[in-house]
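Residue 58 in this note's numbering sits at position 63 of the sequence shown; the count goes up by one each step and never skips.
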Amino acid sequence: MRRAYNTYFSPLGYIQDTSIYDINNNMLGFYDGNTIFDGYGYPLGYYDGNRFYDNYGNYAGFMNSNIIYNSYNSPIGFTDNALDFLLAAALLFLLI
């Protein structure tokens, strides 16, 4: 299980298989490749290999090491794996 945390080190949620859950085990969405979807299958955003973008193509943030930043370059959380870009995208689009 891969987890995401806010900047206060509180767990926010996790990814199991291709599903994204909040900390209370409620399924919030899923991912397919680099795209994040909500629970109804609506695309919320994607990762292009460098940055995160919302469904409309607007810049949403980036990941440096295991820290996730929003579009204002402010840290919003982190993952327990520095290469977990899908979990970082889930943090941006579903968990916060």
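Idealized CB from N, CA, C, for every residue including glycine. In this text, all values refer to a predicted model and were calculated from it rather than measured experimentally.
- For residue 74, the enclosing beta strand (DSSP E) stretches over residues 70 to 74.
- Per DSSP, residue 36 has no beta-bridge partner at all.
- The secondary-structure analysis by DSSP pairs residue 47 across a beta bridge with 42, 56.
- Residue 8 counts as buried, since at least 16 other C-beta atoms from the protein chains shown sit within 10 angstroms of its C-beta.
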